[in-house]
Each structure stands twice: as structure tokens, then as C-alpha cells.
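2 protein chains.
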Amino acid sequence: MSHSRGRLYVISGPSGTGKGTICKEILKDIGNEFSVSMTTREPREGELHGREYFFVSHEEFTENISKNNFLEYATVFDNYYGTPKDIVLKKLDKGRNVILDIDVQGGLQVREAMPEAVLIFLLPPSLAELRRRLENRGTETPEKIEKRLSKAVDEIKFIGEYDYMVINNDLETAVDNVRSIMKAEASRIPEKVLPIIRQYEQEQKGE
Amino acid sequence: MSHSRGRLYVISGPSGTGKGTICKEILKDIGNEFSVSMTTREPREGELHGREYFFVSHEEFTENISKNNFLEYATVFDNYYGTPKDIVLKKLDKGRNVILDIDVQGGLQVREAMPEAVLIFLLPPSLAELRRRLENRGTETPEKIEKRLSKAVDEIKFIGEYDYMVINNDLETAVDNVRSIMKAEASRIPEKVLPIIRQYEQEQKGE
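Sequences listed follow chains Z and C, in order.
Position 110 (the first sequence) corresponds to 1020 in the numbering used here; numbering is contiguous.
Position 103 (the second sequence) corresponds to 1013 in the numbering used here; numbering is contiguous.
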């Protein structure tokens, strides 16, 4: 059988759920790639165009918006950030899986733009545990932690738009669950099954 | 969270694909059970009612048909064989997964009776390999092998009705794939997400 198309995976979840760590693990697997975002913000020292981001002008970004070339985009502090559709599609065509580590608002945009994307929601075992993890970072004021917790509950309200949920109780199990989801998705019967049937039929005739 | 409902898995595939062996492996996992079929055939020596089969009269079987109490049933050599719905439902309610090792015709009946069932199609790597395996059994005449091969191709034509396909190239990988599918299905976001959201909301209020 010829190589099959890759799949687009969105991994979302409240801050402190371990999203970044899990994505990093998954990206170690062969065939999985992340997508380089486009942004209007200035490159920082050491950042390379095409590696950390595609650094573009405000004009170029808005042109891409009007051409409908974003799977999702958002504004953060007057700067645009977005996932270019053409780049993702090229990777999928080559049979690579693309992993997007984005927030729920971005996930919902991807769902609209590409309904066949697979959306995974990472959950903390409990709010108390999420609080503990945020406190352990030692970088956040109590006020900021409260904000994050209430934002977490707001994000979880959109869980029904996602396909899978993975509770990050311990990292190893959570990564294993995400890998199982990806393996299962790769085993899904495609919409067009004729090539599969033809393969066995031709072998039968050819024998 | 309270325990979630189990899932019904149908595993089908041409004879010689290793269906029986894979089911046996999967049934070793905690939470997975098979379902005892009902039949009108006579019990053989050593067979126990409720263990190998539920042995019932022709009348009792047809009564169950008219009560719509079969997920699937078939006639083989004048005898009926069927999967009783009520028994499967009880297991699912207890949170157990039920594994059905049935042919494609049975699988299609289950799809009708319980659309949420998960249907897995086992494929041989090739017809040539399937032929080799059937020949290695040493129990089948060349004529019978030809019949099995052409039946295999006929069955594969229904693959589009199934959810997943697993190519049994080597047993370990195939079993691992089926396990991944089951893990992924257990991570699926349920239709009703309110209990999940409520859990985190209540914790937030309770804090």
C-alpha cells in the first residue's frame, strides 16, 4: 500500500496540565512534526526565521488572513500568531503527523478549518492538583494562580468539541495514552476503501 | 469520576488471519470479557450450559429472535447461533468491554443493532501470506483453500462498514494495535460532557 496521509493533532489543555512536556515527548516519535507558526512580532536574539517562527510584516500576515491561509490565528499583545495552512497540508501529504500545541480557542478554529483534525484535550487530575503544580512553579503570584484556575474551568467547558481526553495523572501514562490515540487513528478505516479492496482483488486475479 | 460504561468490540476477519489468537490475548486484559453465545445445537461432551454456550431449544431461540434479543445471529447446518443482547448490555453497564469474535455478516448485524459498537477488521498482509498460513495448517484440501481465499476477498469488500483495520503481519504488533484502539476508545470524549465539567466547577466552588 502507498503511504497514507498524515493526521493533524491538536493538543490543548489548561496551563499547568503538562501540555508542552507531552508534546515534546510525542515529537520524538518518527513521523511526528510540529508546525512553525507565523508571527508579526520581532525575532528575539537567537531566533531563526523558519525555525522558531516565520517572522513576517503586518501586511503579509493580514494578506494570509484574507487568503484564508490560517488554520487558526490569534492576537497577543498587538502581535499576530497563526498556523499557516499550506505548510501543514504539505507535511500531511508527505505522510507526516502534525502536532499543534494550541489553546482551546485555536483548537475550535482548527475544527472549523479542518474537521478531520484530531483534537485531544489534556485534563489535570483535579483543580487542587493543578493548583499545586502552578504553585510549585514558584513563578506565579497567588492572584495569577486564581486567574489560571478559573481560566482552566472556562476552557474545560469546551471539552465537548474535542475528540479525546487524556488525564495527566502521571506523565508516562499520559504520553502512552496520546500515543495510543495516534496509533488508533492511523488504524482508522479511510473514507475511500476501494484501493484496499482492489489490492486484494488484484492479487487474487494475478495469482 | 464514576466508572464509565464498557464498549462492545467486534473483531472480524477472514479465516486464517489470526482472529482467534488475537482475541485470546485481548481477553487476558483486565476489564475485557467475551460473550457466551446462545445455540440450538446439542452440547458436546464436556461443554457446560452458560460456559461454552447457552444451550436452548429451537422454540426458545426463535422466541428470542422475535423479542429482538440478538445483537446478531446466524444459522449453521440447521442450528442457530446468536449473541444475546441482554447479557452483553449487563456487562457493558458494569464497565466491562465485551469482545465478539464473529464474521463480517455478524459484524454488520451488530452495527445495525448497536451503532456505537467498535468494529475492528483484521487483514492478512497479503493473499499469498494467507494462503501460506492456510497451507501450513495442513488440514485443508487445495480446493478448500481456494474457497477460503475467495471468501476472504468477498469479506474484505465490507471493510468500509468497519471502524478500524489491523493488518496481522506479526502477532505482537497486531495485538498491540488492537490494545491501542481500545485505549483510544476509552479516552473518547463522551456524548454527555456535563458531568466532566461539573466535576471541575464543583471543585472550584468547594475550594
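Here a beta-carbon is modelled for each residue, glycine too, at the ideal position from N, C-alpha and C.
*Could you pull out every residue in the same chain whose Cβ sits closer than 7 angstroms to the Cβ of residue 1016 of chain Z, ignoring the five residues on either side in sequence?*
982, 984
*Taking only runs that begin and end inside the stretch 955-1000 of chain C, name each unbroken alpha helix (DSSP H) of 4 or more residues, in chain order.*
968-976
*Out of curiosity, what's the CA-to-CA distance linking residue 1113 of chain C and residue 995 of chain C?*
38 angstroms
*Spell out whether any CB of chain C is found under 8 angstroms from the CB atom of residue 1067 of chain Z.*
yes
_Same chain, Cβ closer than 8 angstroms to residue 929 of chain C, neighbours up to 5 away in sequence not counted_ = 921, 922, 923, 1011, 1032
_residue 1074 of chain Z to residue 938 of chain Z span [Cα, whole Å]_ = Rounded to whole angstroms, residue 1074 of chain Z to residue 938 of chain Z spans 21 angstroms at the Cα level.
*For residue 963 of chain Z versus residue 957 of chain Z, is the C-beta spacing smaller than 8 angstroms?*
yes
*With DSSP as the reference, label residue 911 of chain C as helix, strand or coil.*
Unreliable placement is indicated for residue 911 of chain C, whose pLDDT of 45 sits below 50; the coordinate value is still reported in the next sentence. Residue state, collapsed to three classes: coil.
*asked:* Between residue 1008 of chain Z and residue 998 of chain Z, how many whole angstroms is the CB-CB distance? I'm expecting something under 8 angstroms.
replied: At roughly 5 angstroms, the Cβ-Cβ gap stays under 8 angstroms, so residue 1008 of chain Z and residue 998 of chain Z are in contact.
*Which value, in whole angstroms, describes the spacing of the CA atoms of residue 1029 of chain Z and residue 967 of chain C?*
50 angstroms
*Taking 8 angstroms as the CB-CB limit, is residue 912 of chain C close to chain Z?*
Interpretation of residue 912 of chain C is limited by its pLDDT of 49, a score under 50 that renders its predicted location unreliable; the figure taken from the coordinates is listed afterwards. So no, residue 912 of chain C is outside the interface.
*Helix or strand or just coil, what does DSSP make of residue 1115 of chain C?*
In the structure shown, residue 1115 of chain C sits in a helix (DSSP, three-state: H, G or I).
*asked:* With distance defined between alpha-carbon atoms, name the residue in C/1078, C/1116, C/1089 nearest to residue 940 of chain C.
replied: C/1089
_Restricting to runs no shorter than 3 residues, where is the beta strand (DSSP E) found entirely within the stretch 1038-1091 of chain Z?_
Counting whole runs of 3 or more residues, the stretch 1038-1091 of chain Z contains the beta strand (DSSP E) stretches 1074-1077.
*Is there a Cβ from chain Z that is less than 8 angstroms from the Cβ of residue 1023 of chain C?*
Residue 1023 of chain C does not count as touching chain Z.
*Using only alpha-carbon positions, find the residue among Z/925, Z/988, Z/1111, Z/936 that is nearest to residue 1061 of chain C.*
Z/1111
*Return helix, strand or coil for residue 946 of chain Z, following the three-state DSSP convention.*
coil
_C-alpha gap between residue 961 of chain Z and residue 948 of chain Z, whole angstroms_ = Rounded to whole angstroms, residue 961 of chain Z to residue 948 of chain Z spans 10 angstroms at the Cα level.
*Proximity below 8 angstroms, CB of residue 1034 of chain C to CB of residue 1116 of chain C*: no
*beta strand (DSSP E) containing residue 937 of chain C: first to last residue?*
Secondary structure note for residue 937 of chain C: it is in no beta strand (DSSP E), with a DSSP letter that is neither H nor E.
_I need the straight-line Cα distance from residue 1102 of chain C to residue 1099 of chain Z, nearest angstrom please._
26 angstroms
*Can you grab the Cα-Cα spacing for the pair residue 1063 of chain C / residue 1107 of chain Z, in whole Å?*
8 angstroms
_Inter-residue Cα distance where the pair is residue 935 of chain C and residue 1002 of chain C_ = 20 angstroms
*By Cβ distance, which residues of its chain are closer than 6 angstroms to residue 911 of chain Z, with the 5 residues on each side in sequence left out?*
Residue confidence for residue 911 of chain Z is low, a pLDDT of 45 falling below 50, so the modelled location carries little weight and cannot support an answer.
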